[in-house]
Each structure stands twice: as C-alpha cells, then as structure tokens.
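Structure first, then comments.
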Amino acid sequence: MLDDIDALAARVPDGAKVALPPDYSGCAMAAVRALIKRGVRDLHLIGVPSVGFQGDMLIGAGCVATLETAAVTIGEYGLAPCFTRAIKAGTIKMIDGTCPAIHAGLQAAEKGIPFMPVRGIVGSDLLEQRDDWMVGNDPFGDDQGPLVLVKAITPDVTLIHAPLADRHGNAWIGVRREMMVMAHAAKTTLVTFDKLYDGDLLADAEMAAGTIPALYIGGLTQVENGAWPVGLFGAYPADDTHLRAYMEMARTEEGFQAYVNANVLDRKAAE
Amino acid sequence: MLDDIDALAARVPDGAKVALPPDYSGCAMAAVRALIKRGVRDLHLIGVPSVGFQGDMLIGAGCVATLETAAVTIGEYGLAPCFTRAIKAGTIKMIDGTCPAIHAGLQAAEKGIPFMPVRGIVGSDLLEQRDDWMVGNDPFGDDQGPLVLVKAITPDVTLIHAPLADRHGNAWIGVRREMMVMAHAAKTTLVTFDKLYDGDLLADAEMAAGTIPALYIGGLTQVENGAWPVGLFGAYPADDTHLRAYMEMARTEEGFQAYVNANVLDRKAAE
Amino acid sequence: MTATFQPEELLISTIADMLDGLGHVAIGASSPIPGGAALLARARSGGSLRVSMLGSEDHNAFTNGGTELFDCAAQGRIDAFFLGGGQIDGAANINLVGIGDYPQTKVRFPGSFGSAYLYFLVPRVILFREEHTPRVLVPKVDFISAPGTSAPDVYRPGGPYALVTGRCVFDFDKAQARFRLKSVHPGHTVEEVADMTGFDCDQPDRVGETPAPAAETLELIRGRVADEIAETYPAFAARVFNNTASAA
Amino acid sequence: MTATFQPEELLISTIADMLDGLGHVAIGASSPIPGGAALLARARSGGSLRVSMLGSEDHNAFTNGGTELFDCAAQGRIDAFFLGGGQIDGAANINLVGIGDYPQTKVRFPGSFGSAYLYFLVPRVILFREEHTPRVLVPKVDFISAPGTSAPDVYRPGGPYALVTGRCVFDFDKAQARFRLKSVHPGHTVEEVADMTGFDCDQPDRVGETPAPAAETLELIRGRVADEIAETYPAFAARVFNNTASAA
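The listed protein sequences derive, respectively, from chains A, B, C and D. Heads up: the first sequence at position 255 corresponds to 255 in our numbering, and the numbers run straight through without jumps. The number in our numbering is simply the position in the second sequence, starting from 1, with 271 added. The number in our numbering is simply the position in the third sequence, starting from 1, with 542 added. The number in our numbering is simply the position in the fourth sequence, starting from 1, with 790 added.
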C-alpha cells in the first residue's frame, strides 16, 4: 500500500508504455492528475481498446509521445479537444488500431506468446500503417483466407482505478475484465481504489471472481472518488457539469491550461 | 429450464464432442449417470484440461470412442481403473495433450480463430502424435525459436455443474473460469446446478463477475448435490467413502457393472 | 390516424424493424438511436431478443470484459451491429479516422473502434449516420477503417445490410457493392436525397416513404424505451424524451 | 539434539530448503509433499512467498480459471514448480504417459498434464518422485512427456533444478544434461542409491547426508503445515500427521 497518489505516480517513469481503460471502465483520473502535476513526459499510451478524458488530458498537458488506441472517445461530449489539436499539429505519434487487435495483443502478452491471430482487418487501411501486424495464413489450411497476426503488446504499466481493494493488495474489478487482461499483460499494475474492503477479497468466493490478485499489482493507494470526473461502474456517474466545463475550456490551449491550473496544479490531487 | 436430468442428457447426441472439467471444478456427475443410463455412444470427450471420475465412468460404460485430455486423474484415489483397462485393450482412441494446449485450443475457438500459438512442447513426444498441432515460427522474427500452433477445439457440448443458476438461465461458476472459456468455445453448454439463485445473477455486480451468461447456455436443470460423489468447490467435499467403494468395485469390469447397476440404473439419477 | 413524431423516433422505429426476429443485437459506443432501436425491438420480441449495449449496466449480458463482444461476434452469436462513419462511400467503405492525409488529417474522428473486425463478422451490420450530406456520403473515403466488401478469399460472414440516415434508407447490394435507395423519410424528397448524396447509387423508379411509427410503437418508444435508454444515454433521453429518470 | 521424523517430513523439509527466498511457488495436482514443502517455505518466509496450489481454495491466488497457472508461468511470475514421472531418465526427460508402445501402453499413467509446457517456462522445476527404483529411474523413458533439455534455438527459460526421491537428492547439470548425486537421506546409502538407480549419473567421491529437519522445522510441519495441507489433501494429512481437521 502506497502513501498517496504522488507516490503512485512516481512509479510511472518518463517514456513508459502505459495501458489505460476507457471511460466506462476503471479510470484512475486522480492518478492522471498526479502524473500531469509531476510533469511526466514521453508516455506511450495504450487505450484498451479506446481512451477518453485520461488520454485527452495527458495529451493536452504534453505528457504523451505516442498514442496507440482504437479510438479516443469522450462519448456524448463530442470530439476530444486536446487529441484533435495534437493530431492536426502532428505533435504525437499516432498508432491507430482496432479494438479486438488491441485486446489480442494484450492477450498474447498475457499468454507469453509473440503474436495472436485476429479475424477481419484485411482490406482496412489500418493494416498499412502497422509494422506490428502481419497478414498470415491458417497453417491447418482450412482455407478460410488470410488472417492478421498481431504482435504481443506488453505495457510497462497498467494504470487503473478499482471500486475496492483489500489490505493484501488485491483489487476488485467485477465484470470489467479488460482490466484483468491488462494486469496480466503488463510488467506491473498500479491501482487507485475508492473503498477499502475489510477482509481478503480472494477468500470470498463471490468477490474473488472479480478480483485482480495482488500477484500482479505493484502499488495501490486509496483515493475516494478517484475516477472523478469520469464515472465508475456501479459506484457513481460522471460529473456531467464538470466534464462540460472541461470541454468548453479545453477548446483552446490557453483554456486547457487554465483548467489544469485550477484542477490539477492548484488543488490537492485527491478531490 | 429443462424438466429433469434426462431431458438434459437427451441433448447430448451420440458421437458428440463433449468438454468436461476436472474433478476440482464443476462436474455434472448426475448428468453423466443420466448419459450412461440413456446409453449414449461414441462420445469424443475433451478433458479441460484433465478429466476424472466422469471420464472413467463414461469409458467404463462404453460411451466413449475418443478421449482427448492432458490427463485422467482421480487424485489421491489412484489410477483411473476403467480408463487404464480401455487403454490396455485399445478400445478407445487416445489423444494425449498438455494442459495449456487444450486451454489454447478452446481459447482459439472462443476467439473464432483457427489456431493459437503455444510455448514449450517442442521436443515432447506428444507433438508427434498430433496432426492438429504444428511447429511454426514467430512471424516477427524475434528469434525466440519455434512455437507450437494448436488448432482450435470447438466442442459440440460443454457439460458442467454450477453451484447456482437463475431463472433467466445464467449460471454462476465463480473463479472456475475454465468453464467460462469452455462455454464460450462450445456450440452449446448444458448446465446442472445445485441451488436456484432468486434474482438475476447478471444484475448483481458481485455475482455477475463469476457468471456464465444465458447467451451461451442451451439447457439447465436443477440437481441438488449434482456433483456427487465428486465434490463441488465452495459447496461440499467429495464423498470419500463412496469414491473408495467405486475404486474397489471398478477394479474389474464385472465390479464396475455392479457399480453401475446399483448407482446408475437402479436408482433415480438425482440422489 | 397519424401521430406527430420526432426525427429520432422515426429512426428508432425504422431501425427496430430491421431487427425484428433476430436473437442477439449488440450496440457499440456513442449510439443512442441504435440503442433505442434495439431496446424497442426487444420490447416487441416478448423477451426473445437479447441486447448487449456497450456502456450499459442494465442491458449487458457480458461478463468477460472488453473482449467478449468481439469473441461473441466471431462465435456467430451476434446477429446485428451498428457502425457509423465520418465518411461513408458508395461501396460501403467507412472512415472513422479522419479527413485528409493520414496521419496528420485536417479533420480527425475518434478512431476505428471495432469496425475493422465486426464489419467482417456480424451478419447484419446496419450503417447509421444521421447527417446526410455530401461531406459524409462521399464518392470515396479518405481512409478505409473497414471495407464494405472483400475479396472472395477473405473470411467474411458479415457485412453491410442497410444505411440509415436522417433523410432516407438505403439497402446494400453486396454482389454489386452498391447502395440502392429504399425509402425516403416523411418530409424529405428523392431529389433532396440525390442532391445531398455524394456517392453514386441505384435508384428505382418508385421510391416509397419510410413508414411512420405506429401509435403503439411511439408509446413504447416514449415509455419503456426512453426509460431504458436513459441509463446509458441520459443527455439523449433528456433532450429527446424530456426523460430525467437517470439524472444525478 | 535430533528428533525422530517420518520420511514425508524429511522430504518436505528438504524440498522447502530449495524454495527459500523465492517469490512464488506453484503446485500441481496430486502433490501433497511438494505442497507441504511450499507451505513450510511460506511459513518461514514471513509471508513473502506466494503459494498457488491446484485444488486448494485457501492457498490459491488465481482468479482466471485453469489457464492462469500457465499464463502466469509464461509471464515469468512463477519461480518454482514440481513435476514427477512414471519414468524419469538420466537426461531428466520425464514420462507421464505410460510404459510400452504408445498408445496401447502396457502400463498407463494419468497423462502429461502441463509438464510439456511448465518444464520449459518455470526457472526452477523440482522433479519429485518418492519411489526410487530402476523401474522409475530408467536409462531412457519410453515416452517423453517433457524433455529435460532443449536445443539452443528453443525458448526455454525453465528446466530441471533437482530430483528428490525417497532415497536421495540429485542436482541437475543442464550443460551436461546429467544428474549428479548430491545427498543421501538418513538411513540410506550411496551403494543402495547406485543399485536402485537405472540411469547413469555423476557421483562425487564424498556424498553427504540429507540434513534432518531441525526441531523447529518439525514443529512447523506438524502444526501449521499439517493443518494447511489438510484442506487440499485430507487423506495425506490424516495418514502422515494424524490430522483430521478437514474430515467431513
């Protein structure tokens, strides 16, 4: 158990390959603010399979060198403003993917194999951009045509927010098992969590089924409401008013900087 | 929801490829007895990744043409008597595998891909027996040597016993997620279960994490103590006395037949 | 008897008609109208239609995280899905990436999501884009996120079934790789559709009007469907149905 | 001070010494003595050693079903594992399949389990077989479930570390692909080991005696370890430790 969110953020080195879940999963937004406050640089973000406000903020704050994702989406709020600006300006390297290929790459890392075959994709312009995807064939020759072979994706860090964790270092994520694969695939996983579970999550058969074992987790810290202003499945909805204000402010670089000043730099990271 | 265990057993056609879990997972023993009573023939059993009393009984009763598994094991009780006899007599076709390759084959089916790469295996005599395993290479040439490519395994039926199921047709299996992969990979899944969960397993975030959705399940029926005489994780231990009696009787073909007469044919299937 | 209805209600009703009789419909991110259509079809199915909606907790039968939708599609267990496109061309190629030269596109869309996969594997993919302008419906997309058709050697049980816009419905002819105008929504005209469509398509001599939602359909949409969709799309439900059931 | 001890207690103590300082030890099916050794090592580690025991509910940190042990090994997260063998030969090849011509072997063992994989991937694989006879320790196995060594081009971070039997401990020299007698258990002799070993191996001039378990080790084994192992192996615990804590 780490002391606070800054101690957790300190474990993400500059240049790290960091896997992040989408806004409907478990977003460690407080940790993202701590990373921006620390001024982390040159991150290679992987959206699993897409990324939302976390990605937009880190890009806006200049923390990102490379973005690998199937999409950047902030749902009903519109196009991600900092991401859109960065693409236009060419300030980040973009690696466009497709959801099942990102999952497959992580599953390959989970299984310790160098690649995983994926259906579809052939004929998409995505394929031409990727030197980590190849077209191959079914070696058993069942003649169902070409397959795409996706290279394993091994994040240095998986960064997530969980509703619950226990003193043994286990974290509960319920059915949001993309975070389980992310934890298995990554070299280490950093977790913020809302509430301390009083007991051993693995000792309760019902809780265990949705728990990432401590085995995969390199550091945890409690941050109540740690997904804010994004929502957390089963716990709380997104802070609509705040997110609309973000969208409004982030329309310009200056506005985004004002947002960061007010919400990241001038405040304690844990709201 | 099916009327009874015989209605469930009727859904396993002769010649079906049937995936079964090992004794420490969720064994539908009552369904196995119902299958023997019905006189099912020519099954292709897949032990995921090994099989225990279920396999031994089905083999002893002459229901099995082919056995594909990483092992037949009944743990502390000794060597599986009917299996051992069948191998010696050459009455079943044996397809020896290794645990991760069986899991990989099922995961390939789960993902709708024709094969999955697996580490290890090269240099094992297992490889020479398998026309559904091939040696291949990493197409990205990271020079970590040969890989085994395992062909997808698509069971016709996955047959399991779960501690709980609900009226919507969802079944709870907790952390025993090999049964989840088996359900995803198979054309259909048949489930017996101990207790009816009063509500919707998918609506409860804690239960949902360990639940096979009805989507994958072709039939369910309640059989209390349905894993007996094998144990059920978190619910009840194996019936040691009964299993020892089985081991004693099954040492000979006549003894096994006497066991079947007493425990399968002369009794109601649900004890 | 005709009732007045909103454009969103017509679209929900029109799409729902394409889902009747199916077993399992899945809905991706940011798709309130397809989601509403699936929930309407489910309400009419007597419970036989399963709906799996990304981002929903109530309408989601998945328990294996982000991979399950894709695995499930590959297993043949999903009958219909929806895709949109920043650009859609006459061969049903879709572009979810951007306009201009990749990667530094002058307009950037969110990204391809699962389109490059689901378009191949789901039998009935319904293309849906409310905006029907030459800017969206183009002769040729700038970036193919997912192709409309594939060479015969490509494994492709799935593909485009129809294109629904704010003005009309197109069917898709896979053999010809061309759209065919099927019906024009009430209040719109064939000429207007022709003017606003940037791609070439087949146009029969007589093109009907998209059927208006029946009164009982509207009642279902405004009642049960509005309540159900509000869980995942509260802003949409509030705007269209004045539904504030899920307001925080 | 020397205490009397049972053979199982010596084996548990001997194997546990090979696990001290590791981070994560996994135990497969039907392995009460390796299981006991891992639980002993954990008891001595002050909680830093993780133990994942197949079939156990109390000592199992896995939540992803049957695949997790194998995936975890491939990720490099398992430091030690145990394998046995119906036959084990001098090159550390193991046979878990049968004696005679495959497939209609005249003696059939349960099967290869995960050996053909874990033997390659887990750095410290300890071979354990209580029976030490020429029938088990053979010049060449009839069927290679998993090979002791591999060609240099094969990805193999793991492999055999030692062979522990009811009579002695062998180390394994990977470069030579040969066992080397390390110590003989109390009550057994080097000559007896030579007689009962069917394969050729290196034998130093002086071979020590396997250290007897210390009194505090025996106390731990008979107390905490006996209680903990009884959950997964009640028959073993009852027989060896007269432990009936888990009797139904």
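Quick reminder that beta carbons are idealized off the backbone N, C-alpha and C, glycines included. Please read all numbers here as calculations on a predicted model, not as lab measurements.
Query	Result
Residues within the stretch 60–72 of chain A neighbouring chain C, beta-carbon criterion of under 8 Å	T69, A70, A71 and V72
Under the three-state DSSP convention, the category D6(A) falls into	helix
Residue environment, S590(C), which counts as buried when at least 16 other CB atoms sit within 10 Å	exposed
Through-space distance from R698(C) to E128(A), alpha-carbon basis	20 Å
contact_flag[the stretch 674–681 of chain C, the stretch 735–743 of chain C] where n(CB pairs < 8 Å) is 3 or more	yes
C-beta contact flag for L1010(D) and F795(D) at 7 Å	no
With 16 other Cβ atoms within 10 Å as the buried cut-off, status of P746(C)	exposed
As assigned by DSSP and simplified to three states, the class of I424(B)	coil
Alpha carbon of D559(C) to alpha carbon of C710(C), nearest angstrom	14 Å
Interface residues of chain C facing F233(A) [CB-CB closer than 8 Å]	E599
Any chain D beta carbon closer than 7 Å to T482(B)	no
Alpha-carbon spacing of V782(C) relative to G218(A), whole angstroms	46 Å
D600(C) in three-state terms, based on DSSP	coil
Where M272(B) falls, given that 16 or more other Cβ within 10 Å makes a residue buried	exposed
Bridge partner(s) assigned by DSSP for W133(A)	V150(A)
Any chain D beta carbon closer than 7 Å to A10(A)	no
Interface partners of R33(A) on chain B, CB under 8 Å	Within 8 Å Cβ-Cβ: nothing; R33(A) doesn't reach chain B, min ~27 Å.
Inter-residue CB distance, D23(A) and G52(A) (contact presumed, cutoff 8 Å)	3 Å
Residues in the stretch 677–691 of chain C having any Cβ partner in chain A nearer than 8 Å	F685, I686, S687, A688 and P689
Those runs of the beta strand (DSSP E) which lie wholly inside the stretch 825–910 of chain D and span at least 3 residues	840–843, 870–873 and 877–879
Candidates A214(A), D138(A) and G78(A): closest to Y246(A) by CA position	G78(A)
Other residues of its chain near V494(B): CB distance less than 6 Å, five sequence neighbours each side excluded	I276, A301, T463 and A541
CA-to-CA distance, E254(A) to I686(C), given in whole angstroms	34 Å
Per DSSP, cross-strand counterpart(s) of M94(A)	L67(A)
Minimum Cβ-Cβ distance from A1028(D) to chain B less than 7 Å	no
Terminal residues of the beta strand (DSSP E) in which L762(C) lies	Not the beta strand (DSSP E): L762(C) falls in the alpha helix (DSSP H), residues A757 to L762.
G626(C) versus E770(C), A754(C) and L705(C), residue with shortest Cα-Cα distance	L705(C)
Chain A contact for A941(D) (CB, 7 Å cutoff)	no
Test: A828(D) CB closer than 7 Å to a CB of chain B	no
Identity of the residues DSSP links to Y253(B) by a beta bridge	Absent from the model: residue 253(B). The displayed extent of chain B is 272 to 542, so no value can be given.
Cross-chain neighbours of V393(B) in chain A, by beta carbon under 9 Å	Going along chain A, no residue has its Cβ under 9 Å from V393(B), so there is no contact; the nearest lies around 13 Å.
Interface residues of the stretch 644–661 of chain C facing chain A [CB-CB below 8 Å]	Y644, P645, Q646, T647, K648, R650, F651, P652, G653, S654, F655, G656, S657, A658, Y659, L660 and Y661
With 16 other Cβ atoms within 10 Å as the buried cut-off, status of K466(B)	exposed
Distance, L159(A) Cα to V18(A) Cα	7 Å
Own chain, CB closer than 6 Å to C614(C), minus 5 neighbours either side, in chain order	I620
Limits of the beta strand (DSSP E) - the one that A533(B) falls within	Unbroken run through A533(B): none, as it is neither H nor E.
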